[in-house]
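Asks: Okay, here's the structure, questions in a sec.
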Amino acid sequence: IEKDNGKGYFNPDDIQVQSNENFKEIKAGYASSYKNLADIYASKNDFKNSAYYYEKAVNLFNDNFSKEQKFEIYMRRGVALLNAKVYQEALESFREAEKISPKNEKVLLFLIISYEKIGMIKEALDMTKSALKIYPDNEDFSSLFVNILRTYPEATKF
Numbered sequence: 005i006e007k008d009n010g011k012g013y014f015n016p017d018d019i020q021v022q023s024n025e026n027f028k029e030i031k032a033g034y035a036s037s038y039k040n041l042a043d044i045y046a047s048k049n050d051f052k053n054s055a056y057y058y059e060k061a062v063n064l065f066n067d068n069f070s071k072e073q074k075f076e077i078y079m080r081r082g083v084a085l086l087n088a089k090v091y092q093e094a095l096e097s098f099r100e101a102e103k104i105s106p107k108n109e110k111v112l113l114f115l116i117i118s119y120e121k122i123g124m125i126k127e128a129l130d131m132t133k134s135a136l137k138i139y140p141d142n143e144d145f146s147s148l149f150v151n152i153l154r155t156y157p158e159a160t161k162f
């Protein structure tokens, strides 16, 4: 039995399977190209376009991507969004990265910054305290903790 392959042609099932397998590889290639475009825009400090192309790459994730690749794209997208001052979306991207690597220092740092930027001070402070328990010698976490307490006097109540 032959089936329409979506291009107006009819092929047997085994050719359909091969065609769809090839598409998975093409899809992965597009995601890599979008990531590369995003990196270029980031290097030019065009963070809105950078975030846009990272998002396109994220939307093409499939089984061909390793956890490390997904983590890297989520992190880069989050940083681009932070720089573009799109804080809520940055937070969401860092949360996705956190699912892949829960206690990663950079993820925790950027989550804290994102929480602070969108005014979720209690969450920022709580996460900073947790991060300091894991990484007691990390100066960035110590600085953030002090900065949050200085900037938001109400944080001492948390």
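Numbered according to my numbering, the sequence shown spans residues 5 to 162.
Note that CB positions come from ideal geometry on N, CA and C, so glycine has one too.
Predicted model, so just to flag it, every value in this text is computed and none were measured.
1) Given a threshold of 16 other Cβ atoms within 10 Å of its Cβ, counted over all protein chains shown, does glycine 82 qualify as buried or as exposed?
2) At what residue ranges does the stretch 29-87 contain a whole run of the beta strand (DSSP E), taking only runs of 3 or more?
3) What residue ranges within the stretch 90-132 form continuous alpha helix (DSSP H) runs of no fewer than 4 residues, ordered along the chain?
4) Tell me the residue span of the alpha helix (DSSP H) that contains threonine 155.
5) Under the assumption that alanine 105 contacts phenylalanine 75 (Cβ atoms under 8 Å), give the Cβ distance between them as a whole number of angstroms.
6) Indicate the three-state DSSP secondary structure (helix, strand or coil) for isoleucine 5 in the structure shown.
7) Can you say whether threonine 132 is buried or exposed, counting buried as having 16 or more other CB atoms within 10 angstroms of its CB?
8) Where does lysine 39 land, buried or exposed, given buried means 16+ other C-beta within 10 angstroms?
9) For serine 54 versus tyrosine 91, is the C-beta distance shorter than 8 Å?
10) Would you tell me roughly how many angstroms separate the C-alpha atoms of serine 134 and serine 70, rounded to the nearest one?
11) Would you grab the beta carbon distance between leucine 95 and isoleucine 122 for me? Rounded to a whole angstrom, and I think it's under 8 Å.
Replies: Let's see:
1) Result: buried.
2) none
3) 91-104, 109-121
4) 143-155
5) It should be noted that the sequence gives serine, not alanine, for residue 105. Rounded, the Cβ-Cβ distance is 6 Å, consistent with contact.
6) Low confidence applies here, because isoleucine 5 scores a pLDDT of 45, under 50, leaving its location unreliable; read the following figure in that light. Correct three-state label for isoleucine 5: coil.
7) buried
8) buried
9) Not in contact: serine 54 and tyrosine 91 (Cβ atoms no closer than 8 Å).
10) 28 Å
11) Between leucine 95 and isoleucine 122 the beta-carbon gap is near 6 Å, inside 8 Å, which marks them as a contact.
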